[in-house]
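Only one structure is covered here, and it is reproduced in the block below.
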Amino acid sequence: MQNTVKKAGVFFPFYLLAFVFTLHVASPAYINSTFLSGKIGQGSVGLIYAGASAVTLIAFFFIGSLLKKRGDYDLTLTLMALDFMATIGLAALKHPYAIIAAFAVNFITISLIAFDFDLLLESFSKNSRTGTLRGNYLTVANLGWIAAPAIAGLALKNGDYWRIYLISLIFLLVAFVIFRKFFRGFEDPEYKALPFFATLRAIVRKRNIRLIFGASFVLQFFFALMVIYTPLYLHDYIGFGWQDIGIMFSIMLLPFLLLEGPLGRIADKWLGEKEFLAAGFVITAVATALIAFLREPSFILWTSVLFATRVGASMIEVMSETYFFKKISAGDADVVAFFRAVRPSAYVVAPAFAALLLSFISLSHLFLALAVIVLAGLAFTIPLKDTK
2 MQNTVKKAGV FFPFYLLAFV FTLHVASPAY INSTFLSGKI GQGSVGLIYA GASAVTLIAF
62 FFIGSLLKKR GDYDLTLTLM ALDFMATIGL AALKHPYAII AAFAVNFITI SLIAFDFDLL
122 LESFSKNSRT GTLRGNYLTV ANLGWIAAPA IAGLALKNGD YWRIYLISLI FLLVAFVIFR
182 KFFRGFEDPE YKALPFFATL RAIVRKRNIR LIFGASFVLQ FFFALMVIYT PLYLHDYIGF
242 GWQDIGIMFS IMLLPFLLLE GPLGRIADKW LGEKEFLAAG FVITAVATAL IAFLREPSFI
302 LWTSVLFATR VGASMIEVMS ETYFFKKISA GDADVVAFFR AVRPSAYVVA PAFAALLLSF
362 ISLSHLFLAL AVIVLAGLAF TIPLKDTK
């Protein structure tokens, strides 16, 4: 860092940036699928997510060369500008194809900006504090995820989805100002420009890295189906209103706030990541399976079960993040890009899997199938060599 931002004082502005940007991302996250289904039909929603994810996946494989040419600071500002235009489009456009294009740009740029933030944090963290810093980062970001559904639920009146995108736009503008003010002096590390197949071979040859990629894919597969189909299921099939769903989701996400910071510190000081990963997969699988059998629109019952799914998911998230970033450095931009490409990969595979499965089973039973897949995450966890 130059004098503009010194390492000792960078964490507060970075965590503030993470919080505000997450509010931008999370405000419309759980209404996107319902908004899109009203424009293009419920059956096509998964395909839109899959298409946007496929483009994101391709973009990740070029991100290393873009970083070498532009640097993290300039690239992030450019991506934020594109995201700004896309969010305006979601609020104002009427034609279905224009809305699809705006959604795709919004989805892609958000993923790439989050990747740039990873490199920022990694550049001023040490392995001995990786769990603590990652846990704190996730905790602060998850404050945004907790607040956003309640904000969206209160703001959404009579199907006026543009209100949510306008709120999201305001948060993006604040994030842009924070980033431009505090990170102008960011000094990029020496990014390693490994070709695609060379990077892939390097990942495959490292057994533990390969396993943590698999565990992360299962988690992102879970997130993909839950984000797309849970709001639709609760609103269209169970009959909850958006205000109830907003409050329900805010409570549901509390484990990410309450658990990830402490678990990251525990992983640094006492236990390794493997035990928490295994427990997380079991808890998430059992709670997800219960969704298939719930029929009554009981706010307390649904909130409790959804809360339990995120207890397990929060354990998986912070441990997989901590384990991976203990194994790499800030200069490993291509390896980090592959790790972040796991999310769009899951968003390509999961909706296609759901579309195929829903031609044979009901939406409620999709959650039972998802529980089986989550439990399969143990296959990547049990052989993992712990860092402790």
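Residue numbers (the numbering used here): 2 to 389.
Heads up, the beta-carbon is just placed ideally off N, CA and C, and yes, glycines get one too.
Q.
For L67, report the span of its alpha helix (DSSP H) as first-last.
A. In this chain, the alpha helix (DSSP H) harbouring L67 covers 64-93.
Q) Quick one: is M86 buried, meaning 16 or more other Cβ sit within 10 Å of its Cβ, or exposed? A) So M86 counts as exposed.
Q | Contact check, A290 vs L369, beta carbons under 8 Å | A | It is a contact, given that the beta carbons lie within the stated cut-off.
**Q.** Three-way DSSP call (helix, strand, coil) for T5 in this model
**A.** Confidence at T5 is low in this model, with a pLDDT of 42, below 50, so the placement of that residue is unreliable and no value is reported for it.
**Q.** Y98 burial status per 10 Å Cβ neighbour count (16 or more: buried)
**A.** Flag for Y98 reads exposed.
(Q) I need the boundaries of the alpha helix (DSSP H) containing W163, first residue and last residue. (A) Annotation for W163: the continuous alpha helix (DSSP H) segment containing it runs 163-183.
Q: Evaluate the contact criterion for the segment 165-178 versus the segment 295-306: three or more CB pairs, one atom per stretch, below 8 Å.
A: The answer is no - the segment 295-306 does not touch the segment 165-178, with fewer than three Cβ pairs under 8 Å.
Q: Please work out which residues of its chain come closer than 8 Å, Cβ to Cβ, to F241, disregarding the five sequence neighbours upstream and downstream, and give them in chain order.
A: These residues qualify, in order along the chain: L235, M249, P298, F300, W303.
Q) Could you give the distance in angstroms between the alpha-carbon of L134 and the alpha-carbon of L255? A) Rounded to the nearest whole angstrom, the CA to CA distance from L134 to L255 is 19 Å.
Q: Identify, in the order they occur along the chain, each residue of the same chain with its Cβ nearer than 6 Å to the Cβ of P352, setting aside the five sequence neighbours on each side.
A: Within its own chain, the residues whose Cβ lies closer than 6 Å to the Cβ of P352, once the five positions on either side in sequence are excluded, are G47, Y50, A51, listed in chain order.
Q.
Does L254 come out as helix, strand or coil in the three-state DSSP assignment?
A. Note: L254 maps to coil in three-state DSSP.
Q) Thinking just about the alpha-carbon of each residue, which of F172, F325, G313, D237 is nearest to the one in G273? A) Out of F172, F325, G313, D237, F325 has the C-alpha closest to the C-alpha of G273.
Q.
Please classify V337 as buried or exposed, where buried requires at least 16 other C-beta atoms within 10 Å of its C-beta.
A. Result: buried.
Q: With a threshold of 16 other CB atoms inside 10 Å of the CB of W271, please say whether the residue is buried or exposed.
A: Exposed, because fewer than 16 other Cβ atoms sit within 10 Å of the Cβ of W271.
Q) Cβ-heavy atom distance between L226 and the ligand MG below 7 Å? A) Among the components modelled here there is no ligand, and therefore nothing to report on the ligand MG.
Q: Just the C-alpha distance for A288 and A279, rounded to the nearest angstrom, thanks.
A: Looking at the two C-alpha atoms, the distance is approximately 15 Å.
Q: At 4 residues or longer, and completely inside the segment 335-364: list those alpha helix (DSSP H) runs for me, N to C.
A: Taken in chain order, the unbroken stretches of alpha helix (DSSP H) that lie wholly in the segment 335-364 and span 4 residues or more are 343-358.
Q) So what's L134 in DSSP terms, helix, strand or just coil? A) DSSP places L134 in helix when its eight states are reduced to three.
Q. Shortest alpha-carbon distance to T35 belongs to which of W163, A115, L78?
A. That would be W163, whose Cα lies nearest to the Cα of T35.
Q) Within this structure, are the beta carbons of N209 and K386 separated by less than 8 Å? A) Between N209 and K386, the CB-CB gap stays under 8 Å.
Q.
Please tell me whether L80 and L226 are closer than 8 Å, where the distance is taken between their beta carbons.
A. Not a contact, by the Cβ cut-off of 8 Å.
Q.
Just to confirm the assignment, what range does the alpha helix (DSSP H) spanning Y238 have?
A. Note, Y238: premise wrong, no alpha helix (DSSP H); not H, not E.
Q) Span of the alpha helix (DSSP H) holding I32? A) Run containing I32: none; DSSP gives neither H nor E here.
(Q) Applying the 10 Å Cβ sphere with the 16-neighbour rule, what's the burial state of R206? (A) The residue is exposed, with fewer than 16 neighbouring Cβ atoms inside 10 Å.
Q: Closer than 7 Å by C-beta to A377: which residues in its own chain qualify, once you throw out the five before and the five after it? Chain order, please.
A: Excluding sequence neighbours, A377 sits near V219.
**Q.** Of the listed residues I41, S54, A60, nearest to A347 (C-alpha basis)
**A.** Sorting I41, S54, A60 by C-alpha distance to the C-alpha of A347 places S54 at the top.
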